[in-house]
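Presented below is the structure to which this report refers.
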Amino acid sequence: MFNLLKLHKNKLLLIFCLLALSIFGSLSFGDVKYWTQIDWLDVVGEGGSALALAIWMIFILGSRPQGRVTDLLSLGLGFMFLAFWQDALDEFIQLPNSLLWDQYLESIAMPIGILLLTYGLYHWHQEQLALNQQLRKREQVFREHKAFDQLTLTGQVDYLYKQLETHHRSSQKQSLVFLMLDINDFSQFNRRFGNAEGDRLLLETCELILLNLRQQDLICRYAGDRFAVILPNTTFTQGRQIAAELKRAVNHFAFKVAQSSESQFQQLSIGCVHWDTDHLNQQQDTSIEDLIARANYALLKDKPLQAA
Amino acid sequence: MSCNNYYENDDPILVAHHHSALLIDIVRSRNVNSHKLLAGTGLFYDDILSGNKKISASQVLRLIHNCQQQYKQADLSFRWGHTLWPGHYDSFSQLLGNCPNLQQTLQVLHDYRFQLSPLMTPIITEDSQYCFIQWRDAIGLGAHKKFIIEALMTGLAALCRLRSGQRLPWHFGFSHGKPKYQEQYEVNLGKQVYFDLGVDVMAIDKRYLHKNWQRPKNQASYNTALQYCQSHKSNHIGFIEQVFNDIQIHIRQPLPLEDSATRLAMSSATFKRKLKKHHSRYQQLQDQGRLATALYLYQCNDYSNNQVADYLNFNDMPNYRRAFKRWSGRTPNNLKQDLLL
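Quick note, the sequences are listed as chains A and B, same order. 1 is the number of the first residue of the first sequence in the working numbering; add one for each residue after it. 1001 is the number of the first residue of the second sequence in the working numbering; add one for each residue after it.
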């Protein structure tokens, strides 16, 4: 968060200067009120709102890269913050009624801020739609950032279960193919080239698999080097076709290990199982656990026989 | 009889750049600050890099705690396990990584456990068909036992896979209950995984013990390593392992706490204080010992409930059943079902 905040040094500095200016201005034109004159309820209400807006602004600036949407959101919140701030300041300092800038700051900054924020939120919505498109094969329908794997940024097992449950419960009867895949001899690779290179291989292989999937497909990291892929509305033949394509793509992927000119080629093993939700109603025994167990079994069967 | 060959959890006797450094490497590859990992351990990263720093078991446990806090994902113990053996522990690794078969690998792991596996002790037994490796807490691991046992079992299975060129058909039994992240067990260990067994044990068909593995690449350096290890063999054992051994010798007639303290040449009060420092209670160690004995008799000697109760000097069956339930959380017959391989 603090790394991102550094990008917005200028905006934060500007707001800080305006605050200092408004304190200085109010003090030089008005008189400080007596304790008895202060309406504490107003102070808490207006000051609290100003504080909340300041916190929102920090969160937004701290979580976003520079850009138009960020500028709009922070400017909008900034103006609203200034209006509340001046309101709160008025509770402590008696300003003469002839002073116009103080009234302007209160009554004009607020609508401008709201307008800018609204405009900014609209663009943020547009931006989010574009991002969703990018994320699509990693997350479908619902979002839960805590369920995501830190390395590959794909869902973990909990997320996989939730996704399968939505398919399970959905009223639409459909034919679904479920793939379980892993990299052959990944532990050997890890031993040879180290954990950091192993991590990079996993990440890049995951990206490569993503490129070879369709828009409606979803990938999750199961555990270690094992990934699960859901292929909705797919016949078994189509699913096996896609599995074969994934294998070919990974076979031809020339992974470059750091400090070595030699390319490392990997092979996938894939367990491919069919899940017919219509079929399910007649045979109640196919649960999600069962599906995953079947896919894992198929995966082991797909492994090349190792030399004993 | 006094015996002063044990080490306690605050004795700085473990080499810092061995097992612990491997764990730090994994977590650091995720851009975690090394200050955060070493917080509260009293260590500096430069100490570990220096290659001559010794640390205590409680520092290792604190480090594991910090790593789990920072890394937050369930696969850390398994990844650590994959890197543990043969590892980079000088001649000991060279010896372990070049054993001609499983039987010798296990022997080396047991004989040089002070260097290779200082936190838990592998105890090797056999029955007519299977070889068992029971992992026993050596130093009072407390809440971190689960993490460490996951790493050690993954480590041994991975070492066998590396040396034999195939996944050996291990069975894994854990004393803890079924965890939420079962998929990690499945991918790293395989299908034959059991929980709530009361002991942490691995089993394999005895046929695999003597199958030949790859020959050592360099027989001469293997022999040098063997000689070095034999002359540097340490008979240091963990404090908890020491207490446990004393209990085990007298398993049929439970050894009172006072006698155990006398054997270690200390007062009962000191003994209790030391047990507390090692996150253990005397009664609990005694229960673990009796449970392990009962399971051994069931599995290896084909004893019936009556015979085991008799061996452990219980007057009647209900008493034995109640005690067994307290040790393991399950009835004898219920647990025996899972033991049948």
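All C-beta atoms, glycine included, are put in the ideal place defined by N, C-alpha and C.
Mapping DSSP to helix, strand and coil, what is residue i?
i: Met1266 of chain B; result: coil
i: Leu116 of chain A; result: helix
i: Ala228 of chain A; result: strand
i: Thr205 of chain A; result: helix
i: Trp1135 of chain B; result: strand
i: Leu1014 of chain B; result: strand
i: Tyr1007 of chain B; result: strand
i: Asp182 of chain A; result: strand
i: Leu176 of chain A; result: strand
i: Leu72 of chain A; result: helix
i: Ala308 of chain A; result: The pLDDT assigned to Ala308 of chain A is 35, lower than 50, so where the model puts this residue is not dependable; a value taken from the coordinates is nonetheless given after this. It is coil, neither helix nor strand.
i: Tyr34 of chain A; result: coil
i: Trp275 of chain A; result: strand
i: Arg221 of chain A; result: strand
i: Gln133 of chain A; result: helix
i: Ser170 of chain A; result: coil
i: Lys303 of chain A; result: coil
i: Gly155 of chain A; result: strand
i: Met1001 of chain B; result: Residue placement at Met1001 of chain B is flagged as unreliable, the pLDDT there being 40, under the threshold of 50; a coordinate-derived value is accordingly withheld.
i: Ser1280 of chain B; result: coil
i: Leu268 of chain A; result: strand
i: Ser263 of chain A; result: strand
i: Lys256 of chain A; result: strand
i: Phe309 of chain A; result: Residue 309 of chain A falls outside the range modelled here, since chain A spans only 1 to 308, and no answer is possible.
i: Lys1274 of chain B; result: helix
i: Lys1072 of chain B; result: coil
i: Phe1044 of chain B; result: coil
At a threshold of 7 Å, does residue i count as lining the ligand PLP (C-beta to nearest heavy atom)?
i: Pro1332 of chain B; result: In the structure shown, the ligand PLP is absent, as is every other ligand, since no ligand is present at all.
Given that residue i touches chain B, what residues does it touch there, using C-beta distances under 7 Å?
i: Asn296 of chain A; result: Glu1186
Looking at chain B, is there any beta carbon in it that lies within less than 8 Å of the beta carbon of residue i?
i: Val157 of chain A; result: yes
i: Gln266 of chain A; result: no
In chain E, which residues lie with their C-beta within 9 Å of the C-beta of residue i?
i: Arg191 of chain A; result: The question asks about chain E, but that chain is absent: this structure's protein chains are A and B.
At 7 Å on the CB atoms, spell out the chain A contacts of residue i, in chain order.
i: Ser1029 of chain B; result: Asn195, Ala196, Asp199
i: Asp1075 of chain B; result: Ala223, Gly224
Quick one: what's got a C-beta closer than 8 Å to residue i's C-beta in the same chain, skipping five residues either side?
i: Leu291 of chain A; result: Leu164, Phe178, Val273, Trp275
i: Val312 of chain A; result: Not covered by the structure: residue 312 of chain A. The range shown for chain A is 1 to 308.
i: Leu1049 of chain B; result: His1017
For residue i, go through chain B and note every residue whose CB falls closer than 8 Å to its CB, in chain order.
i: Ala52 of chain A; result: The contacting residues do not exist; Ala52 of chain A stays about 30 Å from chain B at best.
i: Ser187 of chain A; result: His1082, Ala1158, Arg1161, Leu1162
i: Gln150 of chain A; result: Arg1030, Lys1072, Gln1073
Which same chain residues, not among the five before or five after residue i, have their C-beta less than 6 Å away from its C-beta?
i: Leu1063 of chain B; result: Ser1020, Thr1041
i: Tyr1320 of chain B; result: Ala1309, Phe1314
i: Leu1195 of chain B; result: According to the sequence shown, residue 1195 of chain B is Phe rather than Leu. Correct list, in chain order: Phe1174, Gly1177, Lys1178.
i: Gln1248 of chain B; result: Gly1289
i: Ala54 of chain A; result: Phe81
Closer than 8 Å by beta-carbon distance: list the chain A residues that pair up with residue i, in chain order.
i: Ile1026 of chain B; result: Asn195
Quick one: list the residues of chain B neighbouring residue i, beta-carbon separation under 9 Å, in chain order.
i: Gln259 of chain A; result: Those do not exist, as Gln259 of chain A stays about 16 Å from chain B at its closest Cβ, beyond 9 Å.
Against chain A, does residue i count as a neighbour if the rule is that its beta carbon must be under 8 Å from one of theirs?
i: Glu1183 of chain B; result: yes
i: Arg1079 of chain B; result: yes
Please list, in chain order, all residues of the same chain as residue i whose beta carbon is under 7 Å from its beta carbon, the five residues on each side excluded.
i: Gln1184 of chain B; result: Ala1074, Asp1075, Phe1078
i: Tyr1208 of chain B; result: Leu1102, Leu1168
i: Ile242 of chain A; result: Leu231
i: Glu1150 of chain B; result: Ser1077, Phe1078, Gly1081
i: Leu1226 of chain B; result: Leu1095
i: Ile38 of chain A; result: Glu91, Phe92
i: Phe1244 of chain B; result: Arg1136, Leu1285, Gly1289
i: Ala83 of chain A; result: Leu105, Glu106, Ala109, Met110, Gly113
Could you tell me which whole alpha helix (DSSP H) segments of length 4 or greater appear in the segment 1178-1259 of chain B? 1182-1188, 1219-1231, 1239-1249
Quick check on the DSSP output: what are the complete beta strand (DSSP E) runs of length 3 or more inside the segment 1096-1184 of chain B, in order along the chain? 1120-1126, 1130-1137, 1171-1173
Quick one: complete alpha helix (DSSP H) runs, 4+ long, within the segment 6-32 of chain A? Those alpha helix (DSSP H) runs which fall completely within the segment 6-32 of chain A and span 4+ residues are 9-29.
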